[in-house]
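Asker: Residue numbers (this note's numbering): 1200 to 1697.
Quick one: the structure is below, questions incoming.
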């Protein structure tokens, strides 16, 4: 991502609702005396993004590991339990505060639970796997949250705070498996794990993109891991890369009163999701890493009449496996060899680009989504409107050729005429936005796509990272995109729109 594009995304994180949603406030909840003392301590946010481009409003580092933690699962069903594993730099008490992200009259989040003071102790950085670069923590359980059965499904943050005033966090999802809802918002935890380079300590950390060279500088593919674990904190303060996109989508849906439930991509993989319970599956941000099991659920859902909406870009890009961790727990390790030979291909083949699998590229993203990743804009550029008479643009006042400022940024998708849809549908290209990529190559074009099958089932792909940010208070806020997105969701939830 370019520096200016990154600034736009990172700026959105620090503004208004997104900052509150990150768990930095505790509206409307009494706090015991010890907690009040903790919250009076100075709070010194880290002002700069880490090497992966995420601004984390916390006051810890991976080198010092003042306090950090991770969850035992990406999601938990209401009424069940989830564990948290926490380390502190020196033995001392700490607490865990759980927030639900939503609208809440503009507050952005709501305090749901505060733990008692817990005994904290330092935990080790595990040895790095010699063959795959796997970093898989085996820390003991520090606290168990028994999720009340009456908690609403949602995107949650557990905030860890040590007695000396340091804070970090980790996200998780609460599901309601028996509930029907208009929309299911699916959070991209496999992509969170892929980009996570914990620990960013100058010597140990690895992601599926890079790792450290012997001299301590950040390397590239030669130093990267082939496997990454959910059993570790997210770098520095605990917000995954581009978490702001998912926060924005969740807040916008709840602000507008839509009936929405939540799940993680791992839930798709594990078969916990029954798409028949929802009118639409919604993928909120950057959802790049997909197992064959995840993709099977998506394709079956769409074929049988469940709408699908991808609000970001570069989705369904890498084929992955979800493997067991060192303790044998299934689905806790993301495996992706990419351009390197995969020694143990799964049933769908080697872990490589979906678009390069099979003769004739039958699994290319564009055959399913209508568009696919085609570059990283050097700087954010306007989204150029096309087909202004389409129902998606109704009430926005746009005309063909209108330019919506800064909307194409981060990464972009485009239509490839060589790759027709893999199903019978009418496709409409709703934007045609020229851009220059991060390598200075011109001639790139971003496209927003909407496909409708003869049954009326919708497949929408925004084709830019900045679409979700336009829905909330950020540097990309735009009332026209907000109206267009309402048009889409209203159409998907209406009985006639299915």
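In this text, a Cβ means the ideal position worked out from N, Cα and C, and glycines have one as well.
Drop a sphere of 10 angstroms on the beta-carbon of residue 1405, count the other beta-carbons inside from all chains shown, and report buried for 16 or more, exposed for fewer.
Answerer: With 16 or more other Cβ atoms within 10 Å, it is buried.
Asker: Take the Cβ of residue 1505 as the centre, count every other Cβ of all protein chains shown within 10 Å, and call the residue buried at 16 or more, exposed below.
Answerer: It counts as buried.
Asker: Compute the beta-carbon to beta-carbon distance between residue 1680 and residue 1603, rounded to the nearest angstrom, for a pair I have assumed lies under 8 Å.
Answerer: That belief holds up - the Cβ atoms of residue 1680 and residue 1603 are roughly 7 Å apart, short of 8 Å.
Asker: In this structure, what does DSSP give as the bridge partners for residue 1269?
Answerer: According to DSSP, which records beta bridges pairwise, residue 1269 is partnered with 1284.
Asker: Quick check on DSSP: helix, strand or coil for residue 1438?
Answerer: Coil, per DSSP.
Asker: What are the partner residues of residue 1344, as DSSP defines its beta bridges?
Answerer: Beta-bridge pairing links residue 1344 to 1281.
Asker: Please confirm if the segment 1290 to 1303 is in contact with the segment 1343 to 1362, defined as three or more CB-CB distances below 8 Å between the two stretches.
Answerer: Touching, yes, given that three or more Cβ pairs across the two stretches are closer than 8 Å.
Asker: Short check: CB of residue 1611 to CB of residue 1663, under 8 Å?
Answerer: Yes, these two residues count as a Cβ contact at 8 Å.
Asker: Counting along the chain, where does the beta strand (DSSP E) carrying residue 1479 start and finish?
Answerer: Start and end: 1477 to 1482.
Asker: Going by other Cβ atoms of all chains shown within 10 Å of its Cβ, with 16 needed for buried, is residue 1330 buried or exposed?
Answerer: Answer is exposed; the Cβ neighbour count stays below 16.
Asker: Starting from the Cα of residue 1424, find the closest Cα among 1276, 1501, 1397, 1482 and give me that residue.
Answerer: Looking at the Cα atoms, 1397 is the closest of the given residues.
Asker: Going by DSSP, name the residue or residues bridged to residue 1319.
Answerer: BP columns for residue 1319 point to 1291.
Asker: For residue 1621 and residue 1502, what's the separation of their Cα atoms in angstroms?
Answerer: Using only the alpha carbons, I get a separation of about 11 Å.
Asker: To the nearest angstrom, report how far apart residue 1690 and residue 1539 are at their CA atoms.
Answerer: When rounded, the distance between both Cα atoms is 43 Å.
Asker: Cutting at 7 Å between CB atoms, please list the residues of its own chain near residue 1684, excluding the five before and the five after it.
Answerer: So the qualifying residues of the chain are 1670.
Asker: If you measure between the beta carbons of residue 1649 and residue 1629, is that distance less than 8 Å?
Answerer: Going by C-beta atoms, residue 1649 is nearer than 8 Å to residue 1629.
Asker: Note down, in chain order, each residue of its chain lying with its Cβ closer than 6 Å to the Cβ of residue 1581, except the 5 sequence neighbours on either side.
Answerer: Excluding sequence neighbours, residue 1581 sits near 1602, 1603, 1604.
Asker: Starting from residue 1471, follow the alpha helix (DSSP H) in both directions and report where the run begins and ends.
Answerer: Unbroken run through residue 1471: none, as it is neither H nor E.
Asker: Helix, strand or coil: how does DSSP classify residue 1577 here?
Answerer: Coil.
Asker: Just to confirm before moving on: does the CB-CB distance between residue 1519 and residue 1533 stay below 8 Å?
Answerer: For residue 1519 and residue 1533, yes; Cβs fall inside 8 Å.
Asker: Quick one: give me the first and last residue of the alpha helix (DSSP H) that residue 1652 is part of.
Answerer: Looking at the DSSP string, residue 1652 is not in any alpha helix (DSSP H), and its letter there is neither H nor E.
Asker: Nearest to residue 1626 by CA position, among 1659, 1635, 1609, 1606, is which residue?
Answerer: Measuring from the Cα of residue 1626, the nearest candidate turns out to be 1659.
Asker: When you compare the CB positions of residue 1584 and residue 1597, do they come within less than 8 Å of one another, or not?
Answerer: In this structure, residue 1597 lies closer than 8 Å to residue 1584 by Cβ.
Asker: Pick out whichever of 1530, 1537, 1693 has its Cα sitting closest to the Cα of residue 1465.
Answerer: Measuring from the Cα of residue 1465, the nearest candidate turns out to be 1530.
Asker: Where does residue 1450 fall in DSSP's three states?
Answerer: In the structure shown, residue 1450 sits in a helix (DSSP, three-state: H, G or I).
Asker: With a CB to CB cut of under 6 Å and the five nearest residues on each side skipped, what residues in its chain are close to residue 1535?
Answerer: 1407, 1517, 1519, 1550.
Asker: When the Cα atoms are used, what is the spatial distance from residue 1214 to residue 1442?
Answerer: Residue placement at residue 1214 is flagged as unreliable, the pLDDT there being 32, under the threshold of 50; the coordinate-derived value follows with that caveat. In a straight line, the C-alpha of residue 1214 is about 14 Å away from that of residue 1442.
Asker: Would you kindly check if the distance between the Cβ of residue 1342 and the Cβ of residue 1275 is under 8 Å?
Answerer: No.
Asker: Give me the residue from 1258, 1486, 1491 with the minimum Cα distance to residue 1698.
Answerer: Nothing about residue 1698 can be reported from this structure: the residues present for the chain run from 1200 to 1697 only.
Asker: Roughly how many angstroms separate the alpha carbons of residue 1522 and residue 1556, rounded to a whole number?
Answerer: Each residue's alpha carbon lies about 21 Å from the other.
Asker: For residue 1686, which of helix, strand or coil comes out of DSSP?
Answerer: Looking at residue 1686 - three-state DSSP - the assignment turns out to be helix.
Asker: Taking the beta carbon of residue 1599 as the centre, do at least 16 other beta carbons fall within 10 Å, making it buried, or is it exposed?
Answerer: Label assigned to residue 1599: exposed.
Asker: For my contact list, residue 1512 and residue 1609 are in at a C-beta cut-off of 8 Å; report their separation, rounded to the angstrom.
Answerer: At roughly 7 Å, the Cβ-Cβ gap stays under 8 Å, so residue 1512 and residue 1609 are in contact.
Asker: Apply the 10 Å Cβ neighbour rule to residue 1390 and answer buried if 16 or more other Cβ atoms are within range, or exposed otherwise.
Answerer: Classification of residue 1390: buried, given that the 10 Å Cβ count is 16 or more.
Asker: What did DSSP end up calling residue 1680 once you bin it into helix, strand or coil?
Answerer: Residue state, collapsed to three classes: helix.
Asker: Applying the criterion that 16 or more other CB atoms from any shown protein chain within 10 Å of the CB defines a buried residue, is residue 1613 buried or exposed?
Answerer: Buried, by the Cβ-count rule.
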